[in-house]
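Novice: For the sequence shown, position 167 (counting from the first letter as 1) is numbered 239 according to this note's numbering, and the numbering increases by one without interruption. We put the beta carbon where it would ideally sit given N, CA and C, even for glycine. None of these values were measured; they are calculated from a predicted model. Dumping the structure here so I can ask a few things about it.
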Amino acid sequence: MMTSQPMPGEPLMNNVHNGRFLDQVKINNADLNARGQWASKAEFLLAVAGQIIGLGNVWRFPYLCYKNGGGVFFVPYLLFLVLCGIPLFLLETSLGQYTSLGGVSAWRSVCPIFGGLGYASQMMILHGCVYYIVILAWALFYLSSSLQAELPWSHCNNSWNTDACFMFEHHNQTFNVSNLPGNATSPVMEFWEREVLHLSNSLDKLGPISWKLALCLAIVWLVCYFCVWKGIKSTGKVVYVTATFPYVMLFVLLVRGVTLPGAAQGILYYLKPNHTRLADPQVWMDAGTQIFFSYGICLGSLTALGSYNKFNNDCYKDSYLLCLLNSSTSFLAGFAIFSVLGFMAEERGVDIATVAQSGPGLAFIAFPRAVAMMPLPQLWATCFFLMIIMLGLDTQFVSLEALMTSVTDLYPHLIRRGYRRELLLLFICVVCFLIGLIMVTPGGLYVFQIYDHFSCSGASLLLLSIFQSIAIGWIYGAERFSSNIKDMTGHNTLLLFQLCWKYLTPAVCTATFLFSLVCWSPLSLGKGLITPGWATALGWLLTLSSVSLLPIWAIYALAITPGTLTQRFHHLCNPTLNSPQAFQRYPDNSTTYRLALPLSEKPKEVIGNSIGPP
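Printed below as a string of structure tokens:
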């Protein structure tokens, strides 16, 4: 058992505890709703797994692996994972656990001059909440259509089909394609473009709102609201379903996929190594961006989720476990996806390269076309779209919870009273829903692609990663942060982590960022459309709306801090002593609050309530 010798900060805590100030704190906080903690470790693990394991694991990683040399893609992928993914994942999770604060307040506490990191990440979450949920609306539309007696995208006899609709699946490679009209299209493509999206031919023509999609969007937002409305009390229970159900569906689809004819050929294409691809810089860029996208790094959600842990939770071991789970899920999903694509290629008598797609093209065109060829297509379509909805749903509402955590920690006395939190959450959901309506118009797909490309872009994530590493590695101190992790977990962190936070991670992220700028090209929207100049300008404004908060906050903090310029820098580069937001509950969950101590002196033990490792 730990000894009860006073830590450097404990005399201050005891004075506060025994003095009049604590009585005043009790009075001021008597009617505040409790911040809360995870009811169990499983809730934390499932919530983080739900956040980081999303649609990118299913529809992006397998395609990137196939496109970038099969098995050799794991070389750059694992390198980025070790040098960037795991170090930053551990950094953000342990930062939240150590400070017991959300993304904004945590960064303002450990390194005030870099408080803009918290604001930038929350702005990116807000952008993500607007557009990411539209994918779930599309999936819900498909799910409802999957319950019909005949899948509507499996034939050309629907009201929306044109004379150019052609059943390619009924003909093999011996069919004389020259007899087809030049504009021949498939029923699954017409369902996607003419029934679901009502797609226009230009970004300039948004057109009226599709009320079917708007209803689907409203239903998904309603579900998200009730998943988050009671904070981690509700979020912690919902993730038991949303984080585990996709694995059940993925396993079912995997078993079905590998038993289909042509599955072996599809899996071979997925993993077949091509060593020459390692010489292509784009392969390394794809590996890096996949790590940042799939691990939820720099979005503030990991910090917020970690803040609800008990102080002595083993976040060090948790980070290894969750990173292993994330990458293993991506790898496993590739077998499920490419076994089905191999089946479709064999049925159509074409090369798998003609059917392999990424992103929405895989989820809403290639896979629906494949399940339409299977026996019991309604069953497999229902399984697939349920999996898509569950994968995206927990990513969406956990991100929303992270946003609410950061806002609530900034203004606890204003929000944590009565039903103010629920009302604020309702306001955010309604506003995001109204903005998202522009993406359920005929031109909405183009708006969605611009949002997706610019608002949470690789460039933004790389910039935040660079400054996160600098803030912890050089300003706060990599050694001090490693000591903080040891205080919580009892484990000495690997020296590699300190090297990554100080040197390797910022160097790799900087090189990748510069490469992305050199190789930048206008976004292609499909159907031969290239993003016009005005849309590209709006896209970069979306990017700047988050990353610009870094210098804006630094200038603001310098302006309002008293003293000479040198004194201001010195003050803002040191952890705050008494952050006004940092009221923390005792580990026994009593209603007594205390001011946070200096982060370098945070006690491992409260007198009378030992929370240290035995």
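#1: Return the chain-ordered list of same chain residues with a C-beta closer than 7 Å to the C-beta of Val-311, the five sequence neighbours on each side being excluded.
#2: What are the boundary residues of the alpha helix (DSSP H) that includes Gly-378?
#3: For Ser-596, report the span of its beta strand (DSSP E) as first-last.
#4: Please return the same chain residues whose Cβ sits closer than 6 Å to the Cβ of Ala-211, not counting the five positions on each side in sequence.
#5: Among Gly-515, Leu-614 and Leu-451, which one has its Cα closest to the Cα of Ala-531?
#6: What does the alpha-carbon distance come out to for the pair Tyr-149 and Cys-156?
#7: Can you confirm whether the stretch 203-210 touches the stretch 280-289 when touching is taken to mean that 3 or more C-beta pairs between the two stretches lie within less than 8 Å?
#8: By a C-beta neighbour count over all protein chains shown, 10 Å radius and 16 as the cutoff for buried, is Tyr-392 buried or exposed?
#9: Output the boundary residues of the alpha helix (DSSP H) element that contains Asn-129.
#10: Of all the options Ala-111, Glu-222, Ser-471 and Thr-171, which has the alpha carbon lying nearest to the alpha carbon of Ser-379?
#11: Quick one: which unbroken beta strand (DSSP E) runs of 3-plus residues sit fully inside the stretch 613-638? Chain order, please.
#12: For Ile-291, which beta-bridge partners are listed by DSSP?
#13: Closer than 8 Å by C-beta to His-643: which residues in its own chain qualify, once you throw out the five before and the five after it? Chain order, please.
#14: Assign Ile-195 to buried or exposed, taking buried as 16 or more other Cβ atoms, counted over all protein chains shown, within 10 Å of its Cβ.
#15: Of all the options Leu-517, Tyr-523, Val-268 and Ala-290, which has the alpha carbon lying nearest to the alpha carbon of Asn-230?
#16: Taking three-plus beta-carbon pairs below 8 Å as touching, is the stretch 158-174 in contact with the stretch 466-486?
#17: Are the stretch 558-576 and the stretch 536-547 touching by the rule of at least three beta carbon pairs closer than 8 Å?
#18: Roughly how far, in whole angstroms, is the beta-carbon of Ile-507 from the beta-carbon of Thr-603, given that I think they are within contact range, below 8 Å?
#19: So which of Ala-438, Ala-221, Val-292 and Gly-141 has the shortest CA-CA distance to Val-502?
#20: I need the straight-line Cα distance from Leu-396 to Ala-236, nearest angstrom please.
#21: How is Leu-271 classed by DSSP in three states: helix, strand or coil?
#22: Quick check on Gln-245: buried or exposed, where buried means 16 or more other Cβ atoms within 10 Å of its Cβ?
#23: According to DSSP, is Ile-281 part of a helix, a strand, or is it coil?
#24: Taking the straight line between their C-alpha atoms, what separation do you get for Glu-551 and Phe-569?
#25: Roughly how many whole angstroms lie between the Cα atoms of Trp-131 and Asn-564?
#26: So, at 6 Å on beta carbons, what are the nonlocal neighbours of Asn-105 in its own chain, with the 5 sequence-adjacent residues on each side left out?
#27: Count the other C-beta atoms from every protein chain shown that fall within 10 angstroms of the C-beta of Met-321, then say buried if there are 16 or more, exposed otherwise.
#28: Give the DSSP-derived three-state secondary structure of Leu-223 in the structure shown.
#29: Alpha carbon to alpha carbon, how far is Phe-365 from Gly-128?
#30: Could you pull out every residue in the same chain whose Cβ sits closer than 7 Å to the Cβ of Asp-95, ignoring the five residues on either side in sequence?
#31: Hey, Glu-473 and Val-300 are a contact pair by Cβ (cut 8 Å); roughly how many whole angstroms apart?
#32: Between which two residues does the alpha helix (DSSP H) holding Thr-584 run?
#33: DSSP has Cys-237 in a bridge; who is on the other side?
#34: Using a threshold of 7 Å, is the CB atom of Pro-647 nearer than that to any non-hydrogen atom of the ligand PLP?
#35: With DSSP as the reference, label Ile-369 as helix, strand or coil.
#36: Label Asp-352 either buried or exposed according to how many other C-beta atoms from any shown protein chain fall within 10 Å of its C-beta, with 16 as the threshold for buried.
Specialist: The structure says:
#1: Glu-115, Leu-118, Ala-119, Gly-122 and Asp-466
#2: 373-378
#3: 596-598
#4: Phe-457, Ile-460 and Ile-461
#5: Leu-614
#6: 10 Å
#7: yes
#8: exposed
#9: 127-131
#10: Thr-171
#11: none
#12: DSSP output for Ile-291 lists no bridge partner at all.
#13: Pro-184, Thr-633 and Gly-635
#14: The sequence as given places Met at residue 195; Ile does not occur at that position. Label assigned to Met-195: buried.
#15: Val-268
#16: yes
#17: yes
#18: Not confirmed; about 19 Å, so no contact.
#19: Val-292
#20: 47 Å
#21: coil
#22: A caution first: Gln-245 carries a pLDDT of 47, below 50, which makes its placement in the model unreliable, though a value can still be read off. Exposed, because fewer than 16 other Cβ atoms sit within 10 Å of the Cβ of Gln-245.
#23: coil
#24: 10 Å
#25: 37 Å
#26: Arg-488
#27: buried
#28: coil
#29: 8 Å
#30: Annotation note: pLDDT 44 at Asp-95 (below 50); position unreliable, coordinate value reported separately. Excluding residues within five positions, none has a Cβ falling inside 7 Å.
#31: 5 Å
#32: 577-590
#33: Thr-257
#34: Here there are no bound small molecules, and the ligand PLP is not part of this structure.
#35: coil
#36: exposed
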